[in-house]
Structures are given as C-alpha cells and as structure tokens.
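The structure appears right after this line, and notes come after that.
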Amino acid sequence: MEVSAAGFLSAQFPTRHKLAPIDAMITVTYFTDVISSWCFYFEPAWAELRRRYAGHPVTFDWKLAVIPAEALPKTLAEAEAYYRRSGTITRQQQMLNAGYHEFKGSYVAANAVLEAARVLGFAGDEPRLAVAEAAMRRGEKVGRYEVAAKVLADTLGTDAGEIEALARSEEIQQVLRDSAALFSSLQATQRPAVWIVSEIDDRALFSGVMKIEPMAATIDAMMGDVLAYRS
22 MEVSAAGFLS
32 AQFPTRHKLA
42 PIDAMITVTY
52 FTDVISSWCF
62 YFEPAWAELR
72 RRYAGHPVTF
82 DWKLAVIPAE
92 ALPKTLAEAE
102 AYYRRSGTIT
112 RQQQMLNAGY
122 HEFKGSYVAA
132 NAVLEAARVL
142 GFAGDEPRLA
152 VAEAAMRRGE
162 KVGRYEVAAK
172 VLADTLGTDA
182 GEIEALARSE
192 EIQQVLRDSA
202 ALFSSLQATQ
212 RPAVWIVSEI
222 DDRALFSGVM
232 KIEPMAATID
242 AMMGDVLAYR
252 S
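Each residue of the sequence shown is one higher than the one before, starting from 22 at the first, in the numbering used here.
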C-alpha cells in the first residue's frame with residue numbers, strides 16, 4: 022500500500038516534542054493583502070492547511086503584498102459589484118461590507134499595523150483576521166492608521182499608539198516594500214499566493230488557487246523527496 026510522506030512522518034514523528042530537533046523540511050509562505058476579499062475567503066483553507074501539517078516538519082509563514090491602487094475598485098458601486106461576484110463564485114452566505122473603502126490609494130496602513138504587531142510579538146494569524154473582519158464585515162476605515170491600530174489594540178490588549186507609531190516607521194514601511202518586491206519577483210499575479218519551498222530547493226507557487234488539495238499534494242511530494250535525500 023502506498024503511504025504519503027505526511028503519513029510516513031506522522032508514524033515516525035507523532036509529536037511536536039519529537040520533531041523539535043529536526044529542521045523544517047518545507048517552508049510554506051502565504052502572500053496576502055489584509056483587504057483582499059479573495060484572501061479573506063481563503064483564510065479558512067489556510068487554517069486547515071496549517072492544521073493538516075501540525076506536528077510535521079513544515080514551517081508556515083505569511084508575508085504582505087499590498088495591492089496597488091490601480092488594481093482596487095474606484096467607486097463604492099464597483100466594490101459592491103465585485104463583492105457580489107466573488108461572493109457568488111465562492112458561495113458565501115454573507116456579502117462583504119465595502120464601507121471601509123475610501124478610494125484614496127492602496128491600504129498601506131491596514132497592512133503596516135500587522136507588521137508592527139509582529140514586531141511586538143504577535144506573529145500569528147489573529148492580527149490579520151482581526152483587521153480583515155473589521156474591514157470586510159464591519160466596514161471600519163482600516164485604511165487609516167489610527168483606526169487599524171485601534172482594532173489591533175482592542176484585539177491584542179496592547180497600546181494603539183505604540184502600534185501606530187511602529188506602523189508608520191520607515192523600518193516597517195521598508196518591510197512592506199521588500200515583501201511586495203519578493204511577491205513581484207515570483208511573478209505571482211493574484212492574491213492569495215502560496216509559495217512552497219523544500220530544503221532541497223524544490224519550489225512551487227500557487228497564485229490565486231483557493232483550494233488546498235493541490236498544495237497538500239505538493240507538500241507531500243516534496244517531503245517524500247526530502248526523505249529520500251536524507252536517507
């Protein structure tokens with residue numbers, strides 16, 4: 022009977038404790054913009070992918086690829102039409118709230134606060150989900166630094182002023198520019214994008230793919246190859 026790499030690893034290394042000394046075989050990086058509706062729809066799949074490989078030598082991370090102003094809706098009517106279409110395609114029960122749109126450019130502030138939260142020790146998915154929910158469910162104006170910072174402060178129990186100051190800093194702005202440049206260098210055209218790299222430098226990029234099955238199959242295949250090299 023054929024056994025997947027994930028199944029083999031589960032049998033060999035059943036707990037996180039046993040995995041601790043082993044370097045990650047695979048790195049999975051999720052490129053997102055916190056105000057991307059397609060990324061918002063993808064979040065449950067991303068969470069499921071992480072759950073599926075919990076306890077395996079797979080490292081998960083996220084990077085921000087801010088959507089340029091020219092790729093965003095120009096009017097409220099356009100934004101709502103876009104949400105009706107994307108919501109129908111992905112079979113959503115509730116249409117997203119376009120009220121956060123201000124049509125003034127890209128949403129750097131909404132993303133910068135996430136990098137600030139990471140610096141402050143909040144590197145998981147919770148900050149990203151909090152800002153996305155505030156924008157696309159409640160219509161809060163997260164394109165403003167003070168609004169996005171308050172959303173995170175309320176969620177994380179930290180200081181909004183500290184988050185805002187850090188988000189506005191040149192260091193954080195450079196992080197956003199660097200991650201956008203990396204996204205562009207991969208020739209990814211859509212968000213969400215998932216970049217999978219193994220320790221033997223096998224690589225795969227999924228850009229705009231919303232289902233995790235092909236990603237999981239790729240991770241399994243790469244782990245199998247790494248196991249073969251290690252043996």
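Glycine included, each C-beta is placed from N, C-alpha and C at the ideal position.
Inter-residue CB distance, residue i and residue j (contact presumed, cutoff 8 angstroms)
i: Leu197; j: Leu85; result: 6 angstroms
i: Leu135; j: Arg149; result: 6 angstroms
i: Ala133; j: Gln194; result: 7 angstroms
Neighbour-count burial assignment, residue i, 16 or more Cβ in a 10 Å radius
i: Ala161; result: Going by the sequence as given, residue 161 is Glu instead of Ala. Glu161 should be labelled buried.
i: Gly229; result: exposed
i: Ser58; result: buried
i: Pro42; result: Residue placement at Pro42 is flagged as unreliable, the pLDDT there being 32, under the threshold of 50; the coordinate-derived value follows with that caveat. Counting Cβ neighbours within 10 Å, Pro42 comes out exposed, since fewer than 16 surround it.
i: Gly182; result: exposed
i: Pro65; result: exposed
i: Arg212; result: buried
i: Ala238; result: exposed
i: Ala214; result: buried
i: Ala249; result: exposed
i: Ile221; result: exposed
i: Ala96; result: Position check: residue 96 holds Thr in this sequence, whereas Ala was assumed. Answer is exposed; the Cβ neighbour count stays below 16.
i: Thr50; result: buried
Cβ-Cβ distance between residue i and residue j below 9 angstroms
i: Asp175; j: Trp67; result: no
i: Asp180; j: Ser219; result: no
i: Leu203; j: Leu141; result: no
i: Ile110; j: Asp54; result: no
i: Val129; j: Ala151; result: no
i: Tyr166; j: Glu185; result: yes
i: Leu226; j: Ile217; result: yes
i: Ser206; j: Phe52; result: no
Residue range of the alpha helix (DSSP H) that includes residue i
i: Ile193; result: Glu191 to Ser206
i: Val172; result: Tyr166 to Leu177
i: Ala100; result: Leu97 to Ile110
i: Leu141; result: Note, Leu141: premise wrong, no alpha helix (DSSP H); not H, not E.
Cβ shell of residue i (< 7 angstroms), same chain only, five flanking positions each side left out
i: Gly108; result: Met116 and Leu117
i: Glu123; result: Lys162 and Gly164
i: Ala138; result: Pro148, Leu173, Leu177 and Ile184
i: Trp233; result: The sequence given here places Ile at residue 233; Trp does not occur at that position. Here the set comprises Ala66, Glu69 and Leu70.
Neighbourhood of residue i by C-beta, 6 angstroms cutoff - its chain only, sequence neighbours within 5 removed
i: Glu101; result: Ala119
i: Tyr62; result: Thr111
i: Arg224; result: Val218
Where the beta strand (DSSP E) containing residue i begins and where it ends
i: Thr50; result: Ile47 to Thr53
i: Ile217; result: Ala214 to Ser219
Heavy atom of the ligand ZN within 8 angstroms of residue i beta-carbon
i: His77; result: As far as ligands go, the structure on display features none, and thus does not contain the ligand ZN.
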